[in-house]
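Numbering (our numbering), first residue to last: 1 to 505.
Before any comments, here is the structure.
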Ligand SMILES: NC(=O)C1=CN([C@@H]2O[C@H](COP(=O)(O)OP(=O)(O)OC[C@H]3O[C@@H](n4cnc5c(N)ncnc54)[C@H](O)[C@@H]3O)[C@@H](O)[C@H]2O)[C@@H](O)CC1
Ligand SMILES: [K+]
C-alpha cells in the first residue's frame with residue numbers, strides 16, 4: 001500500500017471530488033459515516049462521547065460524527081474554540097446541521113476545566129488532521145495537555161492532533177496521545193517512526209472510497225507492507241520440485257561462546273524452505289550444530305572462530321550471526337569480500353567488521369542486503385538526530401552503494417537501491433531480544449537462495465519474521481516468547497499463506 005504525504009492526500013481528495021464526482025461536503029459525510037460506524041460498533045460500554053473540534057475540515061469531520069453518534073443513541077457533548085468563530089466551509093455546514101438536528105450544546109474550549117468526565121465517556125479528537133503545519137501553540141497546546149492528563153479513552157480522527165503527517169517537529173511539541181487513531185485511506189509516515197508513532201495508539205485505516213485511479217497513478221517513495229501485499233509476493237512450492245530447485249544456502253557465523261546465533265540462523269534457513277543448507281562455523285561448534293540442526297551440513301572454518309571463508313561460490317551466503325571480531329576473522333572476511341561479487345546477506349559482526357573503516361563499504365557486493373539495527377547503522381554510516389534523518393541517510397547510502405538496507409526498528413524499513421522505502425507492519429516488542437536478528441538473517445538467506453529477488457526477499461522476509469513473531473506472542477506473550485518460538489511459528493505462517501493462495505471451490 002502506498003503512503004502519501006499530506007499534500008498528496010489533499011490532491012487525492014480533490015481528484016476524487018472532481019472525478020467520481022462527489023461534492024466536498026458529501027465526501028466529508030462519507031468519511032464521517034465510516035468513523036461513526038466504527039465507533040458505534042466498537043464502543044459497547046462507552047456510550048457517551050465528548051468531541052473536540054477544530055475550525056478546519058478535521059473539525060468538520062468531528063462535528064458530523066457528533067451528529068451521527070447522537071442519532072445512534074450516544075450522549076454527545078461538543079467543544080469548539082468559538083461557536084461564532086470562522087470555520088472552513090464544510091465545517092460550517094456541519095456545525096449548522098448539528099444544531100438543526102440535536103439538543104447538543106456546543107461549548108467553548110475555555111469551559112473545559114469544569115467539565116466532568118466519567119468512566120463511560122470517550123474523547124474524540126477532531127482538532128487537527130493532515131492540515132496541521134506547525135506545532136500546537138496558544139490555547140491548543142494547553143487544551144491537548146489537559147486532554148492528555150485525562151484517563152479517558154481517546155480516539156483521534158485521521159491524525160492525533162499536534163502530530164505532523166510526514167515529519168517530526170521536535171521532542172518538546174505537544175501531541176494528543178490517542179488510544180486509537182482512525183485514519184483515512186492510507187498510512188501516514190509519522191505513524192511508523194518511534195518518536196511520532198507513540199502518539200497514535202492502535203491505528204485503524206478506514207476506507208472512505210478515495211479514487212483508486214489516483215492511488216494507482218501517483219508516484220511515491222514510501223510504502224507499507226500489509227498482509228495482502230506480502231501474500232502477493234509469496235511463491236508457493238511447486239509439487240514437482242526437488243531439492244535442487246530451492247537453492248543452496250549457507251550461514252557463516254558462530255564463534256566460541258556465540259554458537260547459538262549460528263544455530264538460530266541455520267534453523268531459520270531450514271524452516272524457511274531452502275533446498276540445501278550449510279553452516280560454516282568453527283570446529284568448536286561442530287557438535288552443537290550437527291545435533292541441533294541435523295538437516296544442515298557442517299563446514300569447518302577455524303577452531304574457536306572463523307578465519308577461513310573458503311566456500312563454494314554457488315551458495316547463497318548469509319554472514320554475521322555470532323561471528324565475533326577476532327583479528328583473523330576480520331582479515332578473513334575482508335579478504336573474502338574483495339573476491340566475492342554476488343549479492344549476499346550481511347548482519348551483526350559482519351557489519352561491525354565492515355564499519356571499522358569507511359573504505360570497506362565499497363567491498364559490499366552490489367544488490368547485497370545488510371540488516372543493521374540502529375546502533376549498527378550508526379557505526380556504519382554515522383549518528384543522526386532522529387529516525388526520520390536516519391532513514392534519509394539510509395536512502396543516500398543505499399543508492400550510493402547500490403544495496404538493500406533493512407533498517408531494524410519497530411516498523412522495520414527496507415530501503416532499495418533506488419531509494420524506495422517499505423515500512424513493515426508485522427512484529428512486536430517480543431522481538432526485542434538477543435537472537436531475533438539471527439533469525440531474520442536466516443530467513444533472508446533462505447529466500448534469496450530459493451530465487452526470490454533481493455527486493456522481495458527483504459520485503460517478504462521481514463514481514464514473515466514479524467508475522468511469526470506475532471503468532472509466537474499470541475501463544476507465549478511478548479515477555480516470554482523466545483527466538484526459538486518465532487522459528488517454530490514459521491510453519492504456521494506458511495500454512496496460512498498456502499491457504500490464502502489456494503484457489504478454493
Ligand atoms: N478535503 C476533503 O475532502 C476531506 C478532508 N477530510 C478531513 O480534513 C482534514 C484536513 O482538513 P484541513 O485541510 O482543513 O486541515 P485541518 O483541519 O487539519 O487544520 C485546519 C487548519 O488549521 C491551520 N493550522 C495548521 N496548523 C495549526 C496550528 N498548529 N495551530 C493552529 N492552526 C493551525 C491550517 O490553516 C489548517 O488548514 C483531514 O485530516 C480529514 O480529517 C475528510 O473529511 C475527508 C475528506
Ligand atoms: K485529529
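A virtual CB, placed ideally from N, CA and C, is assigned to each residue, including glycine.
- For residue 58, the distance from the CB to the nearest heavy atom of ligand 1 is below 7 Å.
- Proximity to residue 417 across 368, 442, 447 peaks at 368, based on C-alpha coordinates.
- Listed in chain order, the alpha helix (DSSP H) elements of length 4 or more contained wholly in the region 190 to 251 are 194 to 197, 212 to 217, 227 to 233.
- Between residue 252 and residue 269, the C-beta gap is not smaller than 8 Å, which leaves the two residues out of contact.
- With a beta-carbon spacing of about 4 Å, residue 179 and residue 201 fall inside the 8 Å limit used to define contacts.
- Spatial neighbours of residue 56 in its own chain (CB-CB distance under 6 Å, excluding positions within 5 residues in sequence) are listed in chain order as 88, 131.
- Taking 8 Å as the cut-off, the Cβ atoms of residue 148 and residue 177 count as close.
- By the Cβ-count criterion, residue 170 is exposed, with fewer than 16 other Cβ atoms from all chains shown falling within 10 Å of its own Cβ.
- Residue 409 is positioned such that its CB atom lies closer than 8 Å to that of residue 374.
- With contacts defined by Cβ atoms closer than 8 Å, residue 80 and residue 104 do not form a contacting pair.
- In the DSSP annotation of this structure, the continuous segment of the beta strand (DSSP E) that includes residue 281 starts and ends at 276 to 281.
- Pairing residue 444 with residue 466 gives a Cβ-Cβ distance that is not under 8 Å.
- For residue 300, the three-state secondary structure derived from DSSP is strand.
- Annotation for residue 145 indicates a beta carbon at 7 Å or more from all heavy atoms of ligand 2.
- Rounded to the nearest whole angstrom, the CA to CA distance from residue 246 to residue 341 is 21 Å.
- Taking a cut-off of 8 Å on C-beta distances, the region 299 to 307 does not touch the region 425 to 435, as fewer than three cross pairs fall below it.
- A distance criterion of 7 Å places the beta-carbon of residue 182 beyond contact range of ligand 2, judged by its closest non-hydrogen atom.
- Pairing residue 71 with residue 112 gives a Cβ-Cβ distance that is not under 8 Å.
- Burial of residue 472 is indicated by the presence of at least 16 other C-beta atoms within 10 angstroms of its C-beta.
- Residue pairing by DSSP leaves residue 5 without any beta bridge partner.
- DSSP places residue 413 within a strand segment (E or B) once states are collapsed to three.
- As the crow flies, the alpha-carbon of residue 487 is around 40 Å from that of residue 162.
- About 5 Å separates the Cβ atoms of residue 225 and residue 424, confirming a contact at the 8 Å cut-off.
- Closest in alpha carbon position to residue 291, among 387, 322, 259, is 259.
- Secondary structure note for residue 452: it is in no alpha helix (DSSP H), with a DSSP letter that is neither H nor E.
- For residue 115, no beta strand (DSSP E) run applies, since DSSP gives it neither H nor E.
- Residue pairing by DSSP places residue 363 opposite no residue, since no beta bridge is assigned to it.
- In the DSSP assignment, residue 500 falls within the alpha helix (DSSP H) that extends over 483 to 501.
- Scanning 469, 50, 343, 491 for the CA closest to the CA of residue 481 turns up 469.
- The DSSP-derived three-state label of residue 168 is coil.
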